[in-house]
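Beneath this line is the structure, given in structure tokens, with notes to follow.
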Amino acid sequence: MKFWSYFRDHTGCAETALELAKGTTLGETHAAVLDEFPKLAGSKNSTLKAVGLEYEDDDFVLSDGDEVSFFPPVQGG
Amino acid sequence: MKTELTISTGAIDEAALAKCREMGKGMGAVICFSGVVREIEGDAPITAIDYEAHEQMARHQFALIFDAVEKSWPVESVRLVHRLGVVPVNEPSLWVEVTAPHRAEAFDACQFVIDEMKQKVPIWKKPIPA
């Protein structure tokens with residue numbers, strides 16, 4: 349699990365690992381992350397979620413070893 | 192369609208980029224856009240913006256955007272440079288060039304690339320207060 353931009357400040361770390369049950373979805377993982385890092389809760393609805401290099405929906409089922417990124421709205425340019 | 196993507200902490204040298212432009216003889220339009228750091232962010236004066244990227248994902252997302260351009264417009268080439276790290280006020284953080292047979296598709300494709308980037312490419316900025 350990786351955190352980018354100011355999410356890193358909210359979690360105090362750039363990455364962490366979570367043990368999840370088989371069949372856990374990205375949305376459930378997000379909920380688990382919010383439990384562990386409550387400072388991210390204020391950004392819950394605007395959080396962008398990616399698995400590997402692709403954006404995925406909350407119902408995406410994670411596989412063993414997937415790298416999940418959580419980050420705020422992007423601001424390039 | 193030819194594409195060239197540079198994501199780097201180096202300053203964007205617009206003159207050098209223009210000098211190495213390659214255009215086919217059927218191309219009649221070149222659009223170049225530079226996004227420049229303003230001295231005000233929100234309501235506060237700043238000296239620079241510090242850009243950060245999830246670079247691997249950013250490259251992938253730019254590739255998807257370029258694929259979409261190729262499917263939508265008869266564009267010959269897209270070149271894009273995004274600077275990371277600290278970019279001072281008045282210096283460009285973004286440079287986009289589109290070449291195409293006519294101006295309409297060149298303008299539309301350039302606008303599309305920038306709009307999509309601002310929605311999908313994982314780059315973030317942290318303003319540095321004055």
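One line per chain: the protein sequences are A and B, in this order.
Quick note on this note's numbering: the first sequence kicks off at 349 and runs consecutively.
Quick note on this note's numbering: the second sequence kicks off at 192 and runs consecutively.
The beta-carbon is built from N, C-alpha and C at its ideal position, and this holds for glycine as well.
This one's a predicted model, so the numbers in the text were calculated from it and none came from an experiment.
Item                                                                                                                                                                  : Value
In angstroms, rounded to a whole number, what distance separates the CA positions of Ala362/A and Leu271/B?                                                           : 28 Å
Three Cβ pairs or more, each shorter than 8 Å: is that satisfied between the stretch 234-248 of chain B and the stretch 276-285 of chain B?                           : yes
Using a cut-off of 8 Å between C-beta atoms, extract the partners of Val312/B located in chain A.                                                                     : Val422, Gly424
Output needed in chain order: residues of the stretch 391-403 of chain A with a Cβ under 9 Å from some Cβ in chain B.                                                 : Leu396, Ala398, Gly400, Leu401, Glu402, Tyr403
Mind checking if His293/B is an interface residue toward chain A, Cβ cutoff 8 Å exclusive?                                                                            : no
Can you tell me whether DSSP reads Arg356/A as helix, strand or coil?                                                                                                 : helix
Any idea if Val409/A is buried or exposed, counting beta-carbon neighbours within 10 angstroms, 16 or more meaning buried?                                            : exposed
Assuming His358/A and Lys397/A are in contact, meaning their beta carbons sit under 8 Å apart, how far apart are those beta carbons, in whole angstroms?              : Not quite, the Cβ-Cβ distance comes to about 15 Å (not below 8 Å), so this is no contact.
Is Leu275/B buried or exposed, if buried means 16 or more other CB atoms sit within 10 Å of its CB?                                                                   : buried
Could you spell out where the alpha helix (DSSP H) holding Lys311/B opens and where it closes?                                                                        : 294-311
For Leu285/B, would you say it is in contact with chain A, using Cβ-to-Cβ distances shorter than 8 Å as the test?                                                     : yes
Keeping to the same chain, check which residues put their C-beta closer than 6 Å to that of Phe257/B; ignore five residues upstream and five downstream.              : Thr194, Val269
If you reduce the DSSP assignment to three classes, tell me which class Phe385/A lands in.                                                                            : coil
In the DSSP assignment, find the beta strand (DSSP E) that holds Lys193/B and state where it starts and stops.                                                        : 193-199
What residues from chain A crowd round Ile305/B, counting only those whose CB sits closer than 8 Å?                                                                   : Gly425
Report the residues of the stretch 350-374 of chain A with a CB closer than 7 Å to any CB of chain B, ordered along the chain.                                        : Trp352, Ser353
In chain order, what residues of the same chain have a beta carbon less than 8 Å from the beta carbon of Asp414/A, not counting five sequence neighbours either side? : Val399, Gly400
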